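Participant:
Number of protein chains: 2
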Amino acid sequence: MKKNVAIRPQEPDLSNDPALRTEAFQQAREARRSELAEDYVELIDDLIREGGEARQVDIAARLGVAQPTVARMLRKLVEEGLVQRKAYRGVFLTDSGRELAQASRERHEIVEQFLVAIGVPPETAQRDAEGIEHHVSEETLAAFRRFTEAQRR
Amino acid sequence: MKKNVAIRPQEPDLSNDPALRTEAFQQAREARRSELAEDYVELIDDLIREGGEARQVDIAARLGVAQPTVARMLRKLVEEGLVQRKAYRGVFLTDSGRELAQASRERHEIVEQFLVAIGVPPETAQRDAEGIEHHVSEETLAAFRRFTEAQRR
DNA sequence: AGATCAATATAGCATATGCTATATTTATTT
DNA sequence: AAATAAATATAGCATATGCTATATTGATCT
Numbered sequence: 085m086k087k088n089v090a091i092r093p094q095e096p097d098l099s100n101d102p103a104l105r106t107e108a109f110q111q112a113r114e115a116r117r118s119e120l121a122e123d124y125v126e127l128i129d130d131l132i133r134e135g136g137e138a139r140q141v142d143i144a145a146r147l148g149v150a151q152p153t154v155a156r157m158l159r160k161l162v163e164e165g166l167v168q169r170k171a172y173r174g175v176f177l178t179d180s181g182r183e184l185a186q187a188s189r190e191r192h193e194i195v196e197q198f199l200v201a202i203g204v205p206p207e208t209a210q211r212d213a214e215g216i217e218h219h220v221s222e223e224t225l226a227a228f229r230r231f232t233e234a235q236r237r
Numbered sequence: 085m086k087k088n089v090a091i092r093p094q095e096p097d098l099s100n101d102p103a104l105r106t107e108a109f110q111q112a113r114e115a116r117r118s119e120l121a122e123d124y125v126e127l128i129d130d131l132i133r134e135g136g137e138a139r140q141v142d143i144a145a146r147l148g149v150a151q152p153t154v155a156r157m158l159r160k161l162v163e164e165g166l167v168q169r170k171a172y173r174g175v176f177l178t179d180s181g182r183e184l185a186q187a188s189r190e191r192h193e194i195v196e197q198f199l200v201a202i203g204v205p206p207e208t209a210q211r212d213a214e215g216i217e218h219h220v221s222e223e224t225l226a227a228f229r230r231f232t233e234a235q236r237r
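Same order as they appear, the protein sequences are chains A and B.
When we follow my numbering, the leftmost residue of the first sequence carries the number 85, and every step to the right adds one.
When we follow my numbering, the leftmost residue of the second sequence carries the number 85, and every step to the right adds one.
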């Protein structure tokens, strides 16, 4: 039996709406799943820009992870169509991989610059951005962008 | 052999310092590990406040996850000393669990209110806060707090 | 060319977090 | 009190992401 709750057309206190929170949790879980792929793709793109190639050892060193971990992840990224490789050779991004890398880089930069803009020390901004970037919606990202822009005057 | 790199006492471009990025990745991975525990503890605390008890079915429903998933996680939280249970009964927080819940709630609220303060719609703020809260350092959190405070005048 | 070093591949282990199916226990209803 | 419903426990499967140890291949040096 439903409780007889007062109807409040205005000011719906969604700060604790259970359904919304469930959605929020699911969104966070979902984000966690794609995070790593984005990290890899973004990093591969960086490495290629820096040195023309992305090798497993370099990826592993940058991520702070063992090489076989990278090898397995790369296989998965190939399956997902984000990466190409030739055995015992470097790794490249597919078109869709490059797109994802581009998008990730943008988000990353927007988040990082925003953090700096509100007064977070640059090093910390970089560290936190790495985690935050995967959890900001387009709306939040837009708000970040607006703020950073406004700040620059 | 070390490369003979020019020394630049001023303006160290850390925007791409590899070591820093590695740290950032590791921090993000570390955060991912503790996220779930915090979510659970925070939610359990909420449920107890709302209805005096936290049952597996309710936790599962809120998180959008199956009950056995919750059962296993609770076992782990007991091992970690955050939660107490009696078989076939509800779940309670230990002192240290309550502390963690308290801290998580605070972070969550700070992040959410901050997002609203910079113009993110409340629903989106709630959704994004769920993911972001686990990735903000104390420094960033402080910056958020400062901004939200300042905004309120 | 053969030896050596470096990078990649593969096998196998561990943990974490999802799931479904089902057994057990507690709560509720008749 | 017995039957039914609801909640919890457990077993077993799947996937993801770490790891170490080791085999294989490619690159480099003498």
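All C-beta atoms in this analysis are idealised placements derived from N, C-alpha and C, irrespective of residue type, glycine included.
All of these numbers come straight from a predicted model, not from anything done at the bench.
A138/B by DSSP, collapsed to three states: which one?
Facilitator: DSSP places A138/B in strand when its eight states are reduced to three.
Participant: Which residues in chain B sit within 7 Å of E107/A, going by Cβ to Cβ distance?
Facilitator: The answer, in chain order, is R211.
Participant: How would you call D179/B, buried or exposed, if buried means at least 16 neighbouring beta carbons within 10 angstroms?
Facilitator: Exposed is the call here.
Participant: Could you tell me which chain B residues have their CB closer than 8 Å to the CB of A227/A, listed as they occur along the chain?
Facilitator: Under the 8 Å cutoff, chain B gives L199, I202, G203, V204.
Participant: Excluding the five sequence neighbours on either side, which residues of its own chain have a C-beta within less than 6 Å of the C-beta of F176/B, listed in chain order?
Facilitator: So the list reads Q168, once near-sequence residues are dropped.
Participant: Using a Cβ cut-off of 7 Å, which residues of the region 115-129 of chain B contact any Cβ in chain A, in chain order?
Facilitator: The region 115-129 of chain B vs chain A, Cβ under 7 Å: A115, R116, D123.
Participant: Please list, in chain order, the chain A residues whose beta carbon lies closer than 9 Å to that of V167/B.
Facilitator: Within chain A, no residue comes near V167/B; the closest Cβ sits about 18 Å away, beyond 9 Å.
Participant: Between V200/B, H218/B, D142/B, which lies nearest to V210/B when the distance is taken from Cα to Cα?
Facilitator: The sequence shown places Gln at residue 210/B, rather than the Val named in the question. Closest by alpha carbon: V200/B.
Participant: Return the chain-ordered list of same chain residues with a C-beta closer than 7 Å to the C-beta of R92/A, the five sequence neighbours on each side being excluded.
Facilitator: Residue placement at R92/A is poorly supported in this model, since its pLDDT is 46, which falls under 50; the coordinates are not used for a value here.
Participant: At the level of alpha carbons, what is the spacing between G135/A and H192/A?
Facilitator: Roughly 21 Å separates the two Cα atoms.
Participant: Compare the C-alpha of D129/A against each of Q186/A, E114/A, P102/A and name the closest.
Facilitator: Comparing Cα-Cα distances from D129/A to each of Q186/A, E114/A, P102/A, the minimum goes to Q186/A.
Participant: Between I194/B, T224/B, P205/B, which lies nearest to I202/A when the distance is taken from Cα to Cα?
Facilitator: Comparing Cα positions, the closest option is T224/B.
Participant: Could you check whether the region 132-150 of chain B touches the region 97-117 of chain B, counting it as contact only if at least three pairs of C-beta atoms, one from each stretch, sit closer than 8 Å?
Facilitator: Flag = no, the region 132-150 of chain B and the region 97-117 of chain B do not touch.
Participant: Pick from R117/A, L131/A, L184/A: whose alpha carbon is nearest that of L166/A?
Facilitator: The option with the nearest alpha carbon to L166/A is L184/A.
Participant: Would you report the Cα separation of P206/B and R139/A, rounded to the nearest angstrom?
Facilitator: Taking the straight line joining both Cα atoms gives about 43 Å.
Participant: Is there at least one Cβ from chain A nearer than 8 Å to Q110/B's Cβ?
Facilitator: Interface residue, yes.
Participant: Tell me the rounded alpha-carbon separation between V162/A and R117/A.
Facilitator: Roughly 16 Å between the two C-alpha positions.
Participant: Beta-carbon of H219/A versus every beta-carbon of chain B: anything under 8 Å?
Facilitator: Answer yes: the Cβ-Cβ gap between H219/A and chain B drops below 8 Å somewhere.
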